[in-house]
Amino acid sequence: MSKLVEKTTLMDAQGIQRALTRIAHEIIEKNKGVQAVALVGIRTRGVPLAIRLAEIIEKIEGRRPPVGVLDITLYRDDLSTLSHQPIVHETKLPFVLDDVKIILVDDVLFTGRTVRAALDALIDIGRPTSIQLAVLIDRGHRELPIRADYVGKNVPTSKREVVSVQLASVDSIEQVVLQEFVDE
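Numbering-wise, the UniProt record's numbering puts 65 at position 65 of the sequence shown, and it's gapless, one number per residue.
Laid out in structure tokens, this is it:
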């Protein structure tokens with residue numbers, strides 16, 4: 001039997017804020033501003049990260065990009081292994097996707113399967129000009145040819161390790177920790 005134990009703290013609250021600020025600057029630079037740019041957070045922790053990025057961009061540019069919420073539950077390729085009755089949450093995109101540069105936001109990039117599901121969901125809804133990917137942590141182990149455009153921190157991991165992003169708005173604590181499954 002294995003149990004999950006904490007190995008180390010990868011980022012504290014200040015580290016997360018610094019990473020998001022850097023990502024916000026990179027988004028502005030790459031897109032030459034934020035005209036026709038919208039952020040879409042993948043439930044669950046991608047949403048508060050997208051909101052925070054929008055707030056930082058607004059402080060820098062004086063213009064806040066719209067933020068949407070994307071639920072990918074029905075697009076997952078492991079849906080049948082999750083539950084017989086998966087819980088589907090609402091997708092809220094308060095803007096038209098057509099002719100918009102979408103910045104897809106998630107907490108951890110691992111195999112790439114969550115991002116693939118998000119891409120499928122977005123394309124079913126509209127036809128954006130482009131879709132870029134921003135993640136707080138890229139931990140490697142890709143199973144699909146997906147790469148993030150904006151990365152807060154690259155953390156090489158083993159398959160026995162887990163990266164846990166904890167955000168104050170969801171978890172009442174602000175940190176990124178590396179955990180590992182160990183045999184008892």
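A virtual CB, placed ideally from N, CA and C, is assigned to each residue, including glycine.
Problem set entry | Outcome for Thr114 when other beta-carbon atoms lying within 10 angstroms are tallied against a minimum of 16 | Residue environment: Thr114 is assigned as buried (16 or more neighbouring CB atoms within 10 Å of its CB, all protein chains considered).
Exercise. Per DSSP, Met11 forms a beta bridge with which residues?
Worked result: Its beta-bridge partners are Val176.
For this session: Measure the C-alpha to C-alpha separation of Asp12 and Ala19 and round it to an integer number of angstroms.
Result: Between Asp12 and Ala19, the alpha-carbon positions lie close to 11 Å from each other.
Problem set entry | Cβ neighbours of Leu93 in the same chain (closer than 6 Å, five flanking residues each side left out) | For Leu93, where only same-chain residues beyond five positions count, the Cβ hits under 6 Å are Gly68.
Problem set entry | As assigned by DSSP and simplified to three states, the class of Ser158 | Looking at Ser158 - three-state DSSP - the assignment turns out to be coil, as it is neither helix nor strand.
Exercise. Under 8 Å, do Gln179 and Leu4 count as touching if we go by C-beta distance?
Worked result: In contact: Gln179 and Leu4 (Cβ atoms closer than 8 Å).
Exercise. To which residues of the same chain is Asn31 closer than 7 Å at the C-beta, ignoring the five residues directly before and after it?
Worked result: Sequence-distant partners of Asn31 (beyond 5 residues in either direction) whose C-beta falls short of 7 Å from its own C-beta, in its chain, are Val37 and Lys101.
Exercise. What's the call for Thr9, buried or exposed, on a 16-neighbour Cβ count within 10 Å?
Worked result: Label assigned to Thr9: exposed.
Problem set entry | Nearest to Arg76 (by Cα), restricted to the options Val47, Leu119 and Asp183 | With distances taken between Cα atoms, Arg76 lies closest to Leu119.
For this session: Starting from the C-beta of Glu61, find all residues in its chain whose C-beta is less than 7 Å away, skip the five residues before and the five after it, and write them out in chain order.
Result: Once the five neighbours on either side are set aside, the close Cβ partners of Glu61 are Ile28, Gly33 and Val34.
For this session: Reducing DSSP to helix, strand and coil, say where Asp183 ends up.
Result: Here Asp183 sits in strand by DSSP.
For this session: Tell me, to the nearest whole angstrom, how far the beta carbon of Asp106 is from that of Val151; I am working on the premise that it is less than 8 Å.
Result: Contact between Asp106 and Val151 does not hold, since their C-beta atoms are separated by about 11 Å, which reaches or exceeds 8 Å.
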